[in-house]
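Engineer: Sequential numbering from 1 applies to the sequence shown in UniProt numbering. From the three backbone atoms N, C-alpha and C, an ideal C-beta is built for every residue, glycine too. Since this is a predicted model, take the numbers as computed values, not measurements.
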Amino acid sequence: MSSKVIAVINQKGGTGKTTLTMNLAAGLARRGRALVVDADPQGSAGHWVRMSSDERPFPTSVISVAGPLSREVERFRRDYEYVIVDCPPTLEGAFAGAAMSVADTVLIPVLPSPVDLWGSVRMAKGLEDARMRNPDLKAFIVVNQVEVRNALSRAMRHALMEIDIPALDSSLKRRAIYRRAALEGCSVYDLGKPGEPAAAEVEAIIQEVFES
């Protein structure tokens, strides 16, 4: 299969970017060789994998990149089937545009509130600019931290309709198991039966984005 580059991006922090990146990478590693590129200055993906143990190593390598992304990604494409880039929480500067220019797919995690979604309006303009250089770029909103017992509110669904970026039917629920995975340096796939509902959510995202 040809390699896929996935950029996980939002212009604000606290949306679950690294949680999505790391668990997505673990799920994709079950399908082929996967690599996480940690481009966030906070280095959250790198911190995550350093929490792993020798008995339960994280299933992908994580490398930090601060230089020209296009050159690095073309090299990674030769060695990996999936490259997942955890982008900085900003649209300012050259990196976000560079990531969208070389990616096959952009995933934009947002919190389940209209205010947070409206804050992502600038992403649509950034995507429009990126598609001038990368016309085949696909982009999807991933709603994160949805309350387990509550469906998306009517206001949230209306807000989703106002953004010119399609939202996945699949989402990530608010679950303590995601925080546990980060603390233990693993993915929800590694946490046995308690992790199964979360792993099913990640699998649904993978299938909707890559296998439908």
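Are there 16 or more other CB atoms within 10 angstroms of the CB of K125, so buried, or fewer, so exposed?
Structural biologist: The count along the sequence shown starts at 1 and reaches residue 125 at position 125. By the neighbour-count rule (16 or more Cβ atoms within 10 Å), K125 is not buried but exposed.
Engineer: Does the beta-carbon of A7 have 16 or more other beta-carbons within 10 angstroms, so that it is buried, or is it exposed?
Structural biologist: Translated into positions along the sequence shown, residue 7 becomes position 7. Buried is the call here.
Engineer: One question on the structure: do A198 and V209 come within less than 7 Å of each other, judged by their Cβ atoms?
Structural biologist: Your numbering for residue 198 matches position 198 in the sequence shown. Your numbering for residue 209 matches position 209 in the sequence shown. Against a cut-off of 7 Å, the Cβ pair of V209 and A198 comes out as no contact.
Engineer: Identify the residues that DSSP records as bridge partners of D38: which are they?
Structural biologist: As a working mapping, residue 38 is identified with position 38 in the sequence shown. According to DSSP, D38 bridges with S64 and D86.
Engineer: Closest to Q11 by C-alpha separation, out of A182, P59, D116 and A200, would be which residue?
Structural biologist: Stepping through the sequence shown from its first residue, residue 11 is reached at position 11. Looking at the Cα atoms, D116 is the closest of the given residues.
Engineer: For R122, tell me which candidate among A182, G97 and D136 has the shortest Cα-Cα distance.
Structural biologist: Taking the first residue of the sequence shown as position 1, residue 122 is located at position 122. Minimum Cα distance to R122 is reached at G97.
Engineer: Would you kindly work out how many angstroms separate the C-alpha atoms of L191 and T60, rounded to a whole number?
Structural biologist: As a position in the sequence shown, residue 191 is number 191, starting the count at 1. As a position in the sequence shown, residue 60 is number 60, starting the count at 1. Taking the straight line from one Cα to the other gives about 16 Å.
Engineer: Between which residues of its own chain and G46 is the CB-CB distance below 7 Å, once the five residues before and five after are set aside?
Structural biologist: Looking up residue 46 in the sequence shown gives position 46. Only D38, V62 and S64 meet the Cβ criterion.
Engineer: At the level of alpha carbons, what is the spacing between L35 and K193?
Structural biologist: Locating residue 35 in the sequence shown gives position 35, counting from the first residue. Locating residue 193 in the sequence shown gives position 193, counting from the first residue. Their Cα atoms are separated by approximately 26 Å.
Engineer: Spell out the partners DSSP gives residue 259 in its beta bridges.
Structural biologist: Since the displayed the chain opens at 1 and closes at 212, residue 259 lies outside it and no answer follows.
Engineer: So, under 8 Å CB-CB, M100 and L127 are touching, yes? Tell me the CB distance rounded to an integer number of Å.
Structural biologist: Taking the first residue of the sequence shown as position 1, residue 100 is located at position 100. Taking the first residue of the sequence shown as position 1, residue 127 is located at position 127. About 7 Å separates the two Cβ atoms, so the contact holds.
Engineer: Among residues of its own chain, excluding the 5 on either side of T18, which ones have a beta-carbon nearer than 6 Å to its beta-carbon?
Structural biologist: Here residue 18 refers to the residue found at position 18 when the sequence shown is read from its first residue. The residues are S44, A45 and D86.
Engineer: What do you reckon, are the CB atoms on P112 and V146 nearer than 7 Å?
Structural biologist: In the sequence shown, counting from the first residue as 1, residue 112 sits at position 112. In the sequence shown, counting from the first residue as 1, residue 146 sits at position 146. Against a cut-off of 7 Å, the Cβ pair of V146 and P112 comes out as a contact.
Engineer: Enumerate in chain order the residues of its own chain whose CB-to-CB distance from A29 is below 8 Å, with the five nearest sequence positions on each side excluded.
Structural biologist: As a first step, residue 29 is located in the sequence shown; it is residue number 29 there, counting from the start. Once the five neighbours on either side are set aside, the close Cβ partners of A29 are P59, T60 and Y82.
Engineer: For P109, which of L137, D79 and S170 has the nearest alpha-carbon?
Structural biologist: As a position in the sequence shown, residue 109 is number 109, starting the count at 1. Checking every option, the nearest Cα to that of P109 belongs to S170.
Engineer: Tell me whether the beta-carbon of T15 lies closer than 7 Å to the beta-carbon of I84.
Structural biologist: Locating residue 15 in the sequence shown gives position 15, where the first residue counts as 1. Locating residue 84 in the sequence shown gives position 84, where the first residue counts as 1. No, the pair does not count as a contact, with Cβ atoms beyond the cut-off.
Engineer: Could you tell me which residues DSSP puts in a beta bridge with K17?
Structural biologist: Walking along the sequence shown from the start, residue 17 turns up at place 17. K17 is not bridged to any residue.
Engineer: In whole angstroms, what is the alpha-carbon distance linking A139 and I9?
Structural biologist: Here residue 139 refers to the residue found at position 139 when the sequence shown is read from its first residue. Here residue 9 refers to the residue found at position 9 when the sequence shown is read from its first residue. So the alpha carbons of these two residues sit roughly 10 Å apart.
Engineer: From R179 to N144, what distance separates their C-alpha atoms?
Structural biologist: Here residue 179 refers to the residue found at position 179 when the sequence shown is read from its first residue. Here residue 144 refers to the residue found at position 144 when the sequence shown is read from its first residue. Answer to the nearest angstrom: the Cα atoms are 13 Å apart.
Engineer: State the Cα-Cα distance for the pair A176 and M132, rounded to the nearest angstrom.
Structural biologist: Residue numbering aside, residue 176 sits at position 176 when the sequence shown is read from its first letter. Residue numbering aside, residue 132 sits at position 132 when the sequence shown is read from its first letter. Whole-angstrom Cα-Cα distance: 40 Å.
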